[in-house]
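Just so we're aligned: the sequence shown equals residues 4 to 124 in my numbering. Cβ atoms here follow ideal geometry from the backbone N, Cα and C, with glycine treated the same way. Here is the structure we will look at, set down as structure tokens.
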Amino acid sequence: MITVHNLSKAYNGVQVLNIDNIEIRKGQSFGLVGNNGAGKTTFFNLVLDLIQPTTGHIINTDIQVNKSEDWKNFTSAFIDESFLIGYLTPEEYFYFIGDLRNQNKADVDNLLAEFEDFFNG
4 MITVHNLSKA YNGVQVLNID NIEIRKGQSF GLVGNNGAGK TTFFNLVLDL
54 IQPTTGHIIN TDIQVNKSED WKNFTSAFID ESFLIGYLTP EEYFYFIGDL
104 RNQNKADVDN LLAEFEDFFN G
């Protein structure tokens, strides 16, 4: 589970994000919708520890993300369109991500087989 507590971010004294509390439960898909400048990318950058909050903190499976790297072993995200998406087939993309996590093609194929109905409906 990912839990956000009193999270805020300000740039040059201008607050761009202010979230009291959010809980994202294990296995839950999560997305944000909002106008340009609403803080969507800032929020995900904070969740992924790419930037530091002005106040508050984020806990990912009992690990405070800005205090340890251990949460990265079981967390993944896709924020914006990537150059890879345009050049790789879906299978190649999954193999690429699997390789980043030391998984061979057979491991990836076995994992994807669990989602056959979802992908092939």
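*In chain order, what residues of the same chain have a beta carbon less than 8 Å from the beta carbon of THR58, not counting five sequence neighbours either side?*
ASN9, LEU10 and SER11
*Quick one: what does DSSP say LEU115 is sitting in, helix, strand or coil?*
helix
*Outcome for PRO93 when other beta-carbon atoms lying within 10 angstroms are tallied against a minimum of 16*: exposed
*Please classify LEU53: is it buried, with 16 or more other beta-carbons within 10 angstroms of its beta-carbon, or exposed?*
exposed
_Same chain only: Cβ atoms within 7 Å of ASP110, ignoring 5 sequence neighbours per side_ = GLY101
*Can you tell me the Cα-Cα spacing of ASN76 and PHE97, whole angstroms?*
17 Å
*What's the C-alpha gap between ASN48 and ILE5?*
14 Å
*asked:* Helix, strand or coil, according to DSSP, for ASN15 in the structure here?
replied: coil
_Local Cβ density within 10 Å of LEU114, reported as buried at 16 or more and exposed below that_ = exposed
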